[in-house]
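Q: Top line first, the protein sequences correspond to chains A and B.
Note that the numbering used here numbers the first sequence so that position 100 is 571, with each residue one more than the last.
Note that the numbering used here numbers the second sequence so that position 120 is 1214, with each residue one more than the last.
We put the CB at the ideal spot given by N, CA and C, even for glycine.
Input: one structure, supplied below.
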Amino acid sequence: MTRRLPVALGLLGVLAACGDAGTVENQIGPAPQLPKVNETLLPPMKIARPTGWEGELPGVPEGFVITPLATDLKIPRQMLVLPNGDILVAEGSGGNAPRLRPKDVIAGYIKSLGKTDVKGGNRITLLRDADGDGRAEVKTTFIDELDAPYGLAFVEGALYVATQDALLRFPYTEGATRLTGGEEVTKLPSKVNHHWTKALTASADGTRLYVGIGSNSNVGERGLEIEEERAVVWEIDRQTGARRTIARGIRNPTALAIEPGTGQLWAVVNERDELGPDLVPDYLTAVRDGAFYGWPYSYWGQNIDPRVRPQKPELVKTAIAPDYALGSHVAALGLTFVTGESFPASYRQGAFIGQHGSWNRETLSGYKVVWVPFANGRPAGAPQDFVTGFLTEDGKARGRPVGVTFDAERGRLLIADDLANTVWLVAPSREAAVAPSDNQE
Amino acid sequence: MAAPPVRQRATYPLLHPLHAILLAFPIALFSAALATDITYLNSAEIQWTNFSQWLIAGGCLMGGLALLWAIVLAARTGGAGRAVLYLLLLAAMFAAGLVNSFQHSRDGWSSVETTGLALSVLSTLLALAAGWVGFSGARPAGERP
């Protein structure tokens, strides 16, 4: 730290290099290498400044095509495909965390430089691409006046929407292009809402809903009193609204999904910042019933975080390590499993993960969609880049992926981009779809 | 017999009243931050380190203005004597305060711990020393601060 004092003294340090560049190569998979804690005097804040696509498209592997399904959205986050193929997009921005200290003011401003100027829509938009050309002919407001909607689920003729403060249910009739009259299933923890996104998915049998509720701070620096029922996953009875906390210490579970082979609930989780460029890896994990994942007291199992007092060694002894590291600061915000055989043979078992991209790191990480292959309901192998090109060569961001949704029936992957305010659609190209090699398995 | 008082002996304090007011801030705010740091380390109650962070930021802001003035003062007095000592103390105080504000921007316990406490002690002592030199220093009449 001391060798960086001159930088800080020069006041140039605010945007200057303060962390080692780091390498994420050894940070992927079930047993990531965890370097020593490296708290710098100033956290490295490297923001990819926004720029436009200028007619370019994100890169996809050979055999796929990508099209902008819809543009000019208002901060699209998560999506859902209805039975008739209509696509719902939750748009919005939440959070009402007060600025408690000088850092909140300064860091908030710097982070805002990497975001869109557009104000969040606080609505759900319906997109319809009936002719299958990869461009939506219908784009209409489906539900409006919502308070930062995020998670979406569809079960037995009803749409469930997790806003930043409540879980809502809307009756749906096939083909509807506008819904009103939602009712509250249950309230969700909403005080402060430092991490405001409420991820949502339904259990395999549809009886229960799972909601991911993020922490109210990076690592408890707003006091531990307001962390009551934060950094948890709730299981909610769809009919009665009764709930139970199935996992704790799971810092910010930003997307939930059911692994189709096993019916197991999985989550992508954003881990803590300001411990160095390679700490702490964001992760993909099966959400085990009753598990404690360490936050805020420890990370990746039982590695103590020095910033939290009073410490709780007895609790830390019960912390379990997650299943699969995705790399530090990649900001995984989207998770969807592939089902069916509408994608080529190498994409039949596994998950797509949207990575919004880093701010707390000299060398940018994330800013892409990756494919994690699975076998027997578990990750099997290294992640592969699937959609790329969100960063320009000079380090500007054209887009930032958030939610990813796989539509098995129509063979397409949807990607919400909250910087370009676009929903991208990836599908096998026509030639690839009829190639005989895909039918050999 | 009744000679008028020797006016040449009259002195002005080193600091202009407005400069003195600016200097009062880091003296009060850095020492208050030292107190809230100690309270945080004793209680682990996060609000005390929040207090420290605002106090240190305020001390840096007003101390920084006093520092600019001290640079002008040292230049105008020809770069000698108490004005230079005062400038050096104030510069060291400001540097310690600035580094301390970065230290305090870490999260939770790391915002204070040993380094933050030491920097709070240091910036407080330097502010007090600058005040001592600033107010005890005097110079001949005719040389206005």
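DSSP state of Asp856 (chain A), grouped into three classes?
A: Stepping through the first sequence from its first residue, residue 856 (chain A) is reached at position 385. In this structure, Asp856 (chain A) counts as strand in the three-state DSSP scheme.
Q: If you count every other CB in all the chains shown that lies within 10 Å of the CB of Val905 (chain A), and 16 or more means buried, which is it?
A: For the purposes of this step, residue 905 (chain A) is identified with residue 434 of the first sequence, where counting begins at 1. Reliability fails at Val905 (chain A), whose pLDDT of 49 lies under 50, so the model's placement of it is uncertain and the value that follows must be treated cautiously. With fewer than 16 other Cβ atoms within 10 Å, it is exposed.
Q: Using a Cβ-Cβ cut-off of 8 Å, state whether Ser1214 (chain B) counts as contacting chain A.
A: Here residue 1214 (chain B) corresponds to residue number 120 of the second sequence, with the count starting at 1. No - not a single Cβ of chain A is within 8 Å of the one on Ser1214 (chain B).
Q: Alpha carbons only, please: which of B:Gly1157, B:Leu1181, B:Met1156 is nearest the one belonging to Ala1168 (chain B)?
A: Here residue 1168 (chain B) corresponds to residue number 74 of the second sequence, with the count starting at 1. The residue with the shortest Cα to Cα distance from Ala1168 (chain B) is B:Leu1181.
Q: Using a Cβ-Cβ cutoff of less than 8 Å, which residues in the same chain neighbour Ala879 (chain A) once the five nearest sequence positions on both sides are dropped?
A: Sequence index remark: in the first sequence, residue 879 (chain A) carries index 408 (1-based). These residues qualify, in order along the chain: Val809, Thr810, Gly811, Ser813.
Q: Quick one, which residues of the stretch 549-580 of chain A are near chain B if we go by CB-CB under 7 Å, in chain order?
A: Going along the stretch 549-580 of chain A in chain order, one finds Leu571, Arg572, Pro573, Lys574 with a Cβ nearer than 7 Å to chain B.
Q: Given a cut-off of 8 Å on the beta-carbon distance, is the pair Gly579 (chain A) and Arg520 (chain A) in contact?
A: The sequence position of residue 579 (chain A) within the first sequence is 108, counting from 1. The sequence position of residue 520 (chain A) within the first sequence is 49, counting from 1. No, they are not a contact pair.
Q: Between the stretch 855-865 of chain A and the stretch 836-844 of chain A, do three or more beta carbon pairs fall short of 8 Å?
A: Yes, they touch.
Q: Alpha carbon to alpha carbon, how far is Ser1230 (chain B) from Ala1223 (chain B)? Give it in angstroms, no decimals.
A: In the second sequence, residue 1223 (chain B) corresponds to position 129, counting from 1. In the second sequence, residue 1230 (chain B) corresponds to position 136, counting from 1. Rounded to the nearest angstrom, the two C-alpha atoms are 11 Å apart.
Q: Taking only beta-carbon atoms, is Gly747 (chain A) less than 8 Å away from chain B?
A: By 1-based counting over the first sequence, the position of residue 747 (chain A) is 276. No, Gly747 (chain A) lies away from the interface with chain B (no Cβ there is under 8 Å from its Cβ).
Q: Would you tell me roughly how many angstroms separate the C-alpha atoms of Pro850 (chain A) and Thr538 (chain A), rounded to the nearest one?
A: Residue mapping note: residue 850 (chain A) aligns to position 379 of the first sequence, counting from 1. Residue mapping note: residue 538 (chain A) aligns to position 67 of the first sequence, counting from 1. Each residue's alpha carbon lies about 29 Å from the other.
Q: At a CB-CB cut-off below 8 Å, which residues of chain B make contact with Leu804 (chain A)?
A: Counting from one through the first sequence, the residue named residue 804 (chain A) turns up at place 333. Simply none; closest approach about 22 Å.
Q: For Thr511 (chain A), which option in B:Gly1153, B:Ser1199, B:Met1156 has the closest C-alpha, if you only look at C-alpha atoms?
A: Taking the first residue of the first sequence as position 1, residue 511 (chain A) is located at position 40. Residue B:Ser1199 is the option with its Cα nearest to Thr511 (chain A).
Q: State the beta-bridge partners of Asp753 (chain A) as determined by DSSP.
A: For the purposes of this step, residue 753 (chain A) is identified with residue 282 of the first sequence, where counting begins at 1. Looking at the DSSP assignment, Asp753 (chain A) forms a beta bridge with A:Gly798.
Q: Around the Cβ of Thr672 (chain A), are there at least 16 other Cβ atoms within 10 angstroms (buried) or fewer (exposed)?
A: On the first sequence, residue 672 (chain A) is found 201 positions in, with the first residue counted as 1. The residue in question, Thr672 (chain A), is buried, as its Cβ has 16 or more Cβ neighbours within 10 Å.
Q: Any idea if Thr634 (chain A) is buried or exposed, counting beta-carbon neighbours within 10 angstroms, 16 or more meaning buried?
A: Against the first sequence, residue 634 (chain A) aligns to sequence position 163. By the neighbour-count rule (16 or more Cβ atoms within 10 Å), Thr634 (chain A) is buried.
Q: I'd like the span of the beta strand (DSSP E) that includes Thr716 (chain A), first residue to last.
A: Sequence index remark: in the first sequence, residue 716 (chain A) carries index 245 (1-based). From DSSP, the beta strand (DSSP E) with Thr716 (chain A) extends over 714-719.
Q: Do Gln1212 (chain B) and Leu1184 (chain B) have their C-beta atoms closer together than 8 Å?
A: Here residue 1212 (chain B) refers to the residue found at position 118 when the second sequence is read from its first residue. Here residue 1184 (chain B) refers to the residue found at position 90 when the second sequence is read from its first residue. The amino acid at residue 1212 (chain B) is misidentified as Gln; the sequence shows Ala. No, the Cβ-Cβ distance between Ala1212 (chain B) and Leu1184 (chain B) is not below 8 Å.
Q: Is the shortest distance between the beta-carbon of Phe1084 (chain B) and the beta-carbons of chain A less than 8 Å?
A: Because residue 1084 (chain B) is not part of the residues shown, which for chain B are 1095 to 1239, the question remains open.
Q: So, does the CB of Trp1142 (chain B) fall closer than 8 Å to a CB anywhere in chain A?
A: Looking up residue 1142 (chain B) in the second sequence gives position 48. Not an interface residue.
Q: Give the secondary structure of Met550 (chain A) by DSSP, where H, G and I count as helix, E and B as strand, and everything else as coil.
A: Along the first sequence, read from residue 1 onward, the residue named residue 550 (chain A) stands at position 79. In this structure, Met550 (chain A) counts as strand in the three-state DSSP scheme.
Q: To the nearest angstrom, report how far apart Ile1140 (chain B) and Ala568 (chain A) are at their CA atoms.
A: One-based indexing of the second sequence puts residue 1140 (chain B) at position 46. One-based indexing of the first sequence puts residue 568 (chain A) at position 97. Rounded to the nearest angstrom, the two C-alpha atoms are 16 Å apart.
Q: Would Val739 (chain A) and Ile707 (chain A) qualify as a contact pair, given that the criterion is a beta-carbon distance under 8 Å?
A: For the purposes of this step, residue 739 (chain A) is taken as the residue at position 268 of the first sequence. For the purposes of this step, residue 707 (chain A) is taken as the residue at position 236 of the first sequence. Cβ atoms of Val739 (chain A) and Ile707 (chain A): not closer than 8 Å.
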